[in-house]
Structure formats: C-alpha cells, structure tokens
Ligand SMILES: Cc1cc2nc3c(=O)[nH]c(=O)nc-3n(C[C@H](O)[C@H](O)[C@H](O)COP(=O)(O)OP(=O)(O)OC[C@H]3O[C@@H](n4cnc5c(N)ncnc54)[C@H](O)[C@@H]3O)c2cc1C
C-alpha cells in the first residue's frame, strides 16, 4: 500500500520574526484534512544535490478555529530545508507533503495542560491551545522561553488568546536576555503549582531536558509527560519502501523460526497476526491494511511509538527513544522486528 501524499497550494506566507515564517496552505483538493492539534506535516523540500529532502513541521493552525492549514518554519543556522523554505516559498506554490501525523496531542480537550515551549517549539503548542480553548473545558498554562522579545513567535496571537480567555489561559514568557537560561530548579519552582496538569514539552534539547527534570522533580508521572523532538529526518518517506525486503537483518537471521505471532492492540481493536522476522511491525501493519500511526519510517520522528507488553523485539535503531523510554518498554514500530515467538504490543 503506497504512502498517501498530498500536494498543497500555498495561500499565504507571513513573516513572524526575523528568522521565522508561517506558510499557510489551502486545504487539500480532496477536502479531507482532519488532524489533531499537535500533529505535523512532512514537507518535501527540493534540492539540487539530492532531488529532495523531507522535513517535519508541526501545524500551528487549529482544526477547531482555522479553515486553512499552517506551519511555522524557523531558520536553523547552517540548516538546509528551513532556510530554503523561508527564502523560496511564495503564494501559489505547490508543495508535496505527507498528511498530518504524530502522537504529540492531548488525549482529550478537557484535561488541564502545562505546555512548556522553547523557540520554534511553540508551533504545536499554539494549535493545542487554540483547540482546547475553542472545543474543550481544560485550563492551559503555557511557559514559553525565548532568547529576547524579538524572537517571540506568535506574541500578538497569544496576547489575544489571553484577552479572550483570561480564566482558562495563562502565558508565562521566559526571556533569556532578562532571566538567563532556565534550568531544572528555576523551572521547578515556577511550574510546581501545575503538578496536576498533563505536560507537553517541545524546544531545544537542553531546554527539554531541564523541563522534563523539573516536572519529574515535583512528581508528574512519565505517563503524563509528552515530548516532541524537533529533529531532521535522515531518510525519504516520500519513496515507498517495499514491504517484502529480500535482506533478512542479521539479528533475525539467527532465529530458527521465521515467523512470530503478534497481538496488536490499536484504537480499541485487537489484531492477531503472523509476523515475518524480516519485516518491521509497521511493514506488517501496512501490508495488512491496518491504520497504524507512522511517518518517517526511519526511527527519527517517534510517531510509531508503542508499548511492548509481552515478548521481545529487536530494533535497528533506537532513534527518537531515550534510555528511560526503552527501559519502560517503549518501542518504535518502524524499527521493531520480532525476536521472540509471541509478542504483544499496544499503540
Ligand atoms: C515532529 C517534528 C516537528 C517539527 N516542527 C517544526 C516546526 O514547527 N518548526 C520548525 O522550524 N522546525 C520543526 N521541526 C524541525 C524541522 O523538521 C527541521 O529539523 C529543521 O527545520 C531543520 O532542518 P534544516 O534542513 O534546515 O537543518 P539541517 O537538517 O540541520 O540541515 C542540514 C542537513 O541538510 C543536508 N543538506 C545540506 N545542504 C543540502 C542540500 N543542498 N540538499 C540536500 N540536503 C542538504 C545536510 O547534509 C544535513 O544533513 C520539527 C521536527 C519534527 C521531527
């Protein structure tokens, strides 16, 4: 089954700051552009050197309040795609992308949320905030860290949202030029009153590490902490991969039995499948026509994360996972191949 693709028309380009621009798209021709707040598009960015590169950009638009789709791209120093997009995209351009994807999204819109964003990490948070305020009953506290006032993306939009929802939205700006770099202790002191909220963290890696330590220090359990890593994809998800690969990976080659039984719990359904050792879990689910979450299929984006409840898998790369994730049994469906005869996973 080929990966579905969209071609979107650029409806507007808005300069947000000196180094960030929002690209607004008309909805796809099919008209079906359902997405959840916090999800991202994967854009295909042309390149003279390689033909194209693929990069993910979180939707800053809200499915509740915006007719059009929008992403905001911040220039990365020495980066390729972000600079290309900021320099070249014009109204009327057509850009290939993969449909919205990702699991950095609240389970429901009525839960109180603590959103911790640094720099361009604000993009999924704006979508989540707008959607919760429009469709849910939850309270939102947003801590938003930036270098200085000029670097703050969406300053006016956030001000308007606070004015419209003063009882449900609190925005705390952290400016490094004024307050210095935030660390575990300063963040913990500031955010401890919100220990009962579900936490979403996105920003530069050091900032995310401090934010995570801070919320863990006042007892937020791992299951209520959601993290989005803004990494560049290394592969090209626009090229369909054959499901039936010829090469059996070395780890699987040693195993005498060539198939395993896997029980997959997904969206309230339970599927019992025969899993060939040379295929990844996502290869298997795609081949079976089962709609599992995935995007890059390189281990980079973390969309296909699931929990290993029973059995063992081998992973080609641990990509988006950290040691704690792995110790807790989180696996990447696009990297996992069977290493025992019976396996149970839950998405
Ligand atoms: C889920 C997710 C959501 C994200 N959301 C956002 C967002 O909302 N906003 C945002 O700004 N970022 C976001 N990102 C980050 C974004 O995807 C990119 O990682 C970021 O823009 C940096 O990409 P870059 O190509 O500019 O930089 P780099 O990836 O650092 O560019 C360097 C890379 O490009 C290659 N390269 C250099 N020149 C060329 C060339 N001519 N042709 C081909 N390759 C070349 C180099 O070999 C090197 O690998 C998100 C990432 C993820 C995973």
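Numbering (the numbering used here), first residue to last: 419 to 765.
For glycine and all other residues, C-beta sits at the position ideal for the given N, C-alpha and C.
- In the same chain as residue 623, and ignoring 5 residues on each side of it, the C-beta atoms closer than 8 Å to its own belong to 647, in chain order.
- Of 530, 433, 551, 579, the smallest CA-CA separation from residue 493 is found for 433.
- Residue 722 carries a coil assignment under DSSP once its states are collapsed to helix, strand and coil.
- The beta carbons of residue 562 and residue 535 sit about 5 Å from each other, so the pair counts as a contact at 8 Å.
- Scanning its chain for C-beta atoms nearer than 8 Å, with the 5 sequence neighbours on each side dropped, one finds around residue 685 the residues 709, 765, in chain order.
- According to the DSSP assignment, residue 679 belongs to the beta strand (DSSP E) that extends over 677 to 684.
- Cβ contact annotation for residue 590 (same chain, cutoff 6 Å, sequence separation greater than five): 561, in chain order.
- In the DSSP assignment, residue 483 falls outside any beta strand (DSSP E) and carries neither an H nor an E.
- The Cβ atoms of residue 533 and residue 618 lie closer than 7 Å to each other.
- The beta carbon of residue 636 is closer than 8 Å to those of 606, 609, 610, 613 in its chain, skipping five residues each way along the sequence.
- Remark: the shortest separation between the CB of residue 479 and any heavy atom of ligand 1 does not fall under 6 Å.
- When DSSP states are grouped into helix, strand and coil, residue 492 belongs to the strand group.
- Beta-bridge partners assigned by DSSP to residue 502: none are found.
- Annotation: residue 687 is outside any alpha helix (DSSP H); the continuous beta strand (DSSP E) that includes it extends over 687 to 694.
- For residue 473, the distance from the CB to the nearest heavy atom of ligand 1 is below 6 Å.
- Taking the Cβ of residue 507 as the reference point, every heavy atom of ligand 1 lies at 6 Å or farther away.
- For residue 454, no alpha helix (DSSP H) encloses it, and the DSSP letter there is neither H nor E.
- In this structure, residue 715 lies near residue 655, with their beta-carbon atoms less than 7 Å apart.
- Taking the C-beta atoms as reference points, residue 458 is found nearer than 7 Å to residue 520.
- Residue 454 is positioned such that its CB atom lies no closer than 7 Å to that of residue 541.
- In the structure shown, residue 612 falls within a helical segment according to DSSP collapsed to helix, strand and coil.
- For residue 574, the three-state secondary structure derived from DSSP is helix.
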